[in-house]
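Structure, as C-alpha cells:
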Amino acid sequence: MMPAIYVLDVEEFAPLVRDARAMGGVTVAGPTQGYFRIFSPGEITFNRKSLGFKPAVWYGALTGGLVGRVAEFSRDTLRIVRE
Amino acid sequence: MSHITTKAPLYGVHHTARPTWKLKETVEFYRDRLGLPLVHAISARGWGPEDHADFLHFFFDSGNGSTIAFFYYIGTTQPEYLASRDDYRFRATHTAWQVKHPDDLNLWRKRLIEADIPLRYETRHEIIESIYFEDPNGYSVEITCQLRPMTETDARDATLTIESAIALEQAGSGYTDIDTVWRRKGALLEAQIGGNA
C-alpha cells in the first residue's frame, strides 16, 4: 500500500498540506470529514524549516494518522515510506 | 454506561491545591512576585484522619473566579515521595493559567524578569502558546494563551486518537511508540474515508 498521512483540516497543520501540494509525485485529496489525505507512490518527505514548525508541532505532525512507516524523523526531516 | 443520565454542570476551576513546606517563600512568590492577592486562609486543628497535622490552607486569586491553594502542615516534614525533582514526569502535574491575548504573555515575560523568576521554557503548541516557570516548591507553572477555539473537528480527532490508543492497550499489544497509534488511526481513517478523500 502506498504511504499516506492524514492531516486534520486546522490552521496549525495547514503547512503540511501547502508543502505537499508543491511536491512532485505527491497527491493531496480532501478535506473529507475533516481530514486531508496526502499520499504518494514513492516517499513523502517534509522539512521542518520549510513548514515553519516549532518542535512541539513538528513531533506531532503525524497525529492525524499514518499509513506506512516512518523511515526518518529527525530534527528537520520527516520521511514516510511504504510499510 | 447507559445508567448515567444526570446532567451535572461545571463552570471552570474554583481551586487546585498542593502541599507546601515553604510557607514564607510560597506567599512571597505568589502574592508579592506574581501579584496574586491572598484572598482566603483557613487555620485549623487537624481533623479527620487521626494523624492529621494542624494546618493552614490558603488561597491566591488567579483571576476569573479561580484560585490556587496550598496546605501547610504544621510541625511536619516533607515526605520523600512528595519531594520535587527535575523530571518531566514530575512537571506533568502543573498549573496552567489562561491569558486572553499573546500580548499578555509578553507582559508576563516582563513581569517574570522584574520579579527575578527564571523563565524555564516557552513554546507554541498546536493551539496554545505557553511560557513555563517554577515556584519555590519546584511546582511547574504555565501561563498560556489559546490561539483559536477548540472545534467539533478537534473533538472528533481527539476521540479517534485516544480510542486508538485504548484499543492498543486493551489488546495487550505492549506497544512502545506513538507510530503504532498513528498507524492504527490511519487504518481506521483508510476504512472510513481512504478511497474517497
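Just so you know, the sequences run in chain order A and B.
Under the working numbering, the first residue of the first sequence is numbered 1, with each subsequent residue one higher.
Under the working numbering, the first residue of the second sequence is numbered 84, with each subsequent residue one higher.
C-beta: ideal position from N, C-alpha, C; glycine also.
Computed from a predicted structure; not experimentally measured.
Among Gly148(B), Phe138(B), Phe142(B) and Thr234(B), the one whose alpha carbon lies nearest that of Thr160(B): Phe138(B)
What in chain A is Cβ-close to His208(B), meaning under 9 Å? Glu12, Lys54, Ala56, Val57 and Gly60
Can a CB atom of chain B be found closer than 9 Å to the CB of Val81(A)? So, not an interface residue.
In terms of residue numbering, what span does the beta strand (DSSP E) encompassing Ile276(B) cover? First-last for Ile276(B): undefined, no H or E at that position.
Can you list the residues of chain A that Lys268(B) reaches, using a CB-CB cut of under 7 Å? The answer, in chain order, is Gly65.
Evaluate Tyr35(A) with the Cβ neighbour count: other Cβ atoms within 10 Å of its Cβ, from every protein chain shown; 16 or more gives buried, anything less gives exposed. Result: buried.
Run through chain A and tell me which residues come within less than 8 Å of Trp253(B), C-beta to C-beta. The amino acid occupying residue 253(B) in the given sequence is Gln; Trp does not appear at that position. Within 8 Å Cβ-Cβ: nothing; Gln253(B) doesn't reach chain A, min ~19 Å.
Give a yes or no on contact between the region 147-154 of chain B and the region 87-103 of chain B, applying the rule of three or more CB pairs nearer than 8 Å. Short answer: they touch.
Rounded to whole angstroms, how far is the Cβ of Trp58(A) from the Cβ of Arg48(A), which I believe are closer than 8 Å? 5 Å
Closest to Val67(A) by CA distance: which of Ala29(A), Asp19(A), Arg82(A) and Phe53(A) is it? Arg82(A)
From what residue to what residue does the beta strand (DSSP E) around Leu121(B) run? Start and end: Leu121 to Ala127.
Below 8 Å on the Cβ atoms is my contact criterion, and I expect Lys105(B) with Pro201(B) to pass it. Report the Cβ-Cβ distance as a whole number of Å. At roughly 17 Å, the Cβ-Cβ gap does not stay under 8 Å, so Lys105(B) and Pro201(B) are not in contact.
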